[in-house]
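Protein chains in written order, with the numbering used here: chain A, 7 to 115; chain B, 39 to 152. Okay, so here's the structure we're looking at.
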Amino acid sequence: AQRVTQPEKLLSVFKGAPVELKCNYSYSGSPELFWYVQYSRQRLQLLLRHISRESIKGFTADLNKGETSFHLKKPFAQEEDSAMYYCALSGRPDYKLSFGAGTTVTVRA
Amino acid sequence: ETGVTQSPTHLIKTRGQQVTLRCSSQSGHNTVSWYQQALGQGPQFIFQYYREEENGRGNFPPRFSGLQFPNYSSELNVNALELDDSALYLCASSLPGGVTGELFFGEGSRLTVL
């Protein structure tokens with residue numbers, strides 16, 4: 007079974023402060039991890055995936071297999087980062103995604 | 039390039055009725071997945087279609103069924119509606135075989151069951 011846990015429902019930070027969204031997973035095989043984001047009045051979209059090892063909009067996420075975590079980080083939050091963030095896991099080979107419950111991020115001026 | 043479109047956007051049904059939701063995939067995408075998102079929860083996988091065949095199913099009863107057509111559009115059918123079926127239903131398409139793992143979502147159909 008695969009499971010994704012996002013322990014924080016709400017996260018509020020000030021502009022310019024660091025932000026970290028926690029994600030823990032359970033999966034018996036070798037998973038692929040993703041972060042999806044939904045901005046206000048927009049559809050759910052991919053933010054980044056662990057296999058790409060890239061920074062998107064200043065966000066990075068490192069897969070820690072020992073701690074089974076995939077936390078999302080940004081050193082300096084911006085107001086436009088206010089959104090709902092979902093961590094998701096895909097097992098091979100079917101690429102069906104299991105999503106966490108999501109974290110709402112509010113960046114205050 | 040046309041994105042994923044879903045219809046209807048909102049609908050209200052009563053318990054015991056049947057509903058059909060429709061989805062047009064993004065151009066060039068032959069894999070369509072359906073998700074149910076209850077209020078305050080993340081999307082839950084219902085099933086996936088690849089080249090008109092069901093390609094995996096989540097933990098949903100048989101009264102949830104689907105179809106994919108030759109043009110890769112898809113339908114989600116739910117029979118004998120229950121109050122707990124009230125949710126946002128999301129359709130997502132992906133590149134052939136879902137190789138990249140990136141799903142392109144529609145805006146969803148919000149179903150209310152009274």
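For each residue, glycine too, the CB sits at the ideal point set by N, CA and C.
According to DSSP, is H48(B) helix, strand or coil? Looking at H48(B) - three-state DSSP - the assignment turns out to be strand.
Would you call the stretch 45 to 56 of chain A in contact with the stretch 9 to 16 of chain A, where contact means no fewer than 3 C-beta pairs closer than 8 Å?
Because the criterion of three Cβ pairs below 8 Å is not met, the stretch 45 to 56 of chain A and the stretch 9 to 16 of chain A do not touch.
Practice task
Assign I50(B) to one of two classes, buried (16 or more other C-beta atoms within 10 Å of its C-beta) or exposed (fewer than that).
Solution key: I50(B) should be labelled exposed.
- Output the distance between the C-alpha atoms of A67(A) and Y42(A), rounded to the nearest integer angstrom. Spanning the two alpha carbons is a distance of roughly 12 Å.
- prompt: If the cut is a Cβ gap below 8 Å, which residues of chain B does K80(A) touch?
  reply: By Cβ distance, chain B contributes nothing, its closest Cβ being about 21 Å from K80(A), past 8 Å.
Query raised in the report: Between which two residues does the beta strand (DSSP E) harbouring Q9(A) extend?
Result: At residue 9(A) the sequence reads Arg, which differs from the Gln that was named. Membership of R9(A) in the beta strand (DSSP E) is indicated by the continuous run R9 to T11.
Are the Cβ atoms of F143(B) and S132(B) separated by less than 8 Å? Contact flag unset, no.
Same chain, Cβ closer than 8 Å to F106(A), five either side skipped, listed in chain order: Looking at the sequence itself, residue 106(A) is Gly, so the reference to Phe does not match. Contacts found: V10, T11, Q12, C29, Y92, C93 and A94.
Quick one: does S104(A) have its CB under 8 Å from some CB of chain B?
Interface residue, yes.
Measuring straight from C-alpha to C-alpha, what distance separates S63(B) and Y73(B)?
Straight-line measurement puts the Cα of Y73(B) at about 14 Å from the Cα of S63(B).
| field | Contacts that G144(B) makes with chain A (C-beta to C-beta distance below 8 Å) | value | By Cβ distance, chain A contributes R49.
- Query: From F82(A) to T150(B), what does the alpha carbon distance come to, in whole angstroms?
  - Reply: Each residue's Cα considered, the two are about 40 Å apart.
Report yes if the CB atom of S103(B) is closer than 8 Å to the CB atom of Y87(B), and no otherwise. Cβ atoms of S103(B) and Y87(B): not closer than 8 Å.
Would you list the residues sitting across from N115(B) in a DSSP beta bridge?
Beta-bridge pairing links N115(B) to T58(B) and S103(B).
Determine, using beta carbons only, whether S36(A) and T74(A) come nearer to each other than 8 Å.
-> No, Cβ-Cβ distance for S36(A) and T74(A) is not below 8 Å.
- Query: Shortest alpha-carbon distance to E92(B) belongs to which of G80(B), Q106(B) and Q82(B)?
  - Reply: Looking at the Cα atoms, Q106(B) is the closest of the given residues.
Assign A125(B) to buried or exposed, taking buried as 16 or more other Cβ atoms, counted over all protein chains shown, within 10 Å of its Cβ.
-> Classification of A125(B): buried, given that the 10 Å Cβ count is 16 or more.
Exercise. Looking at the structure shown, is E85(A) part of a helix, part of a strand, or coil, going by DSSP?
Worked result: E85(A) falls in the helix class under three-state DSSP.
Note to self: When you compare the stretch 65 to 72 of chain B with the stretch 115 to 129 of chain B, are there three or more beta-carbon pairs, one atom per stretch, that lie closer than 8 Å?
What the structure shows: Proximity of the stretch 65 to 72 of chain B to the stretch 115 to 129 of chain B meets the contact definition, three or more beta-carbon pairs being nearer than 8 Å.
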